[in-house]
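Mapping the sequence shown onto the UniProt record's numbering, position 88 (from 1) lands on 88, and the numbers just tick up by one. We put the CB at the ideal spot given by N, CA and C, even for glycine. Below: the structure, in structure tokens.
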Amino acid sequence: MIAVQVLRDLMEFANFRCYGIDVFNTKAEKLIEIIDKITALRTSEPELGFDYDFAEVGLSFYRSNVFTEKEMEQEWFKVKSPEEQEDDMKYFYFETVMVCGLDYYDLLRKAREGKLLEKE
């Protein structure tokens with residue numbers, strides 16, 4: 001089982017592209033919309049907006065918080081300092097992308113079920 005996770009902080013050193021899309025400079029909603037047209041999304045709670053898995057191609061995207069354009073119009077956001085606003089706006093984007101072997105999710109499922117060492 002191989003999985004490589006890349007943090008957004010590394011984007012100052014390299015570009016990270018998936019299907020020709022810069023994953024750390026494309027807003028999360030747009031990125032998911034594009035990738036979902038290429039391969040099926042498989043995640044337990046997509047409506048939350050934190051974690052998206054595309055198991056068929058071995059891709060996962062994660063952000064620890066969700067921030068949207070609508071929230072920029074809210075009073076609670078407008079009263080924040082520019083630094084605080086900038087901090088919130090980083091959640092337009094994913095914080096990590098993971099690329100993994102196609103068996104990764106099956107192995108995780110088996111491990112959760114306590115069946116990792118069982119022969120099929």
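Can you grab the Cα-Cα spacing for the pair E83 / V66, in whole Å? Each residue's Cα considered, the two are about 17 Å apart.
Option nearest Q5 by Cα separation, candidates L108, L41, Y91 and E95: Among L108, L41, Y91 and E95, the Cα nearest to that of Q5 belongs to E95.
Compute the Euclidean distance between the alpha carbons of M89 and A14, then round it to the nearest angstrom. 21 Å
Who pairs with F54 in a beta bridge, going by DSSP? L59
Exposed or buried, residue 153, counting other C-beta atoms within 10 Å across all chains shown (16 or more means buried)? Nothing about residue 153 can be read from this structure; the chain reaches only from 1 to 120.
The stretch 99-106 contacting the stretch 71-80, beta-carbon criterion three pairs below 8 Å: no
Using beta-carbon positions only, say whether K93 and K37 come within less than 8 Å of one another. Note on identity: in this sequence residue 93 is Tyr, with Lys being the wrong assignment. No.
Leaving out five residues before and five after T39 in sequence, what residues of the same chain have Cβ atoms less than 6 Å from its Cβ? So the list reads F54, E56 and V57, once near-sequence residues are dropped.
Counting C-beta neighbours from all protein chains within 10 Å, is the total for R42 16 or more, i.e. buried, or is it exposed? exposed
Go through its chain and collect everything with a Cβ distance to G49's Cβ below 6 Å, but skip five positions before and after it. V66
Under the rule that 16 or more other beta-carbon atoms within 10 Å means buried, what is S81, buried or exposed? exposed
Could you give the DSSP three-state label for I21: helix, strand or coil? strand
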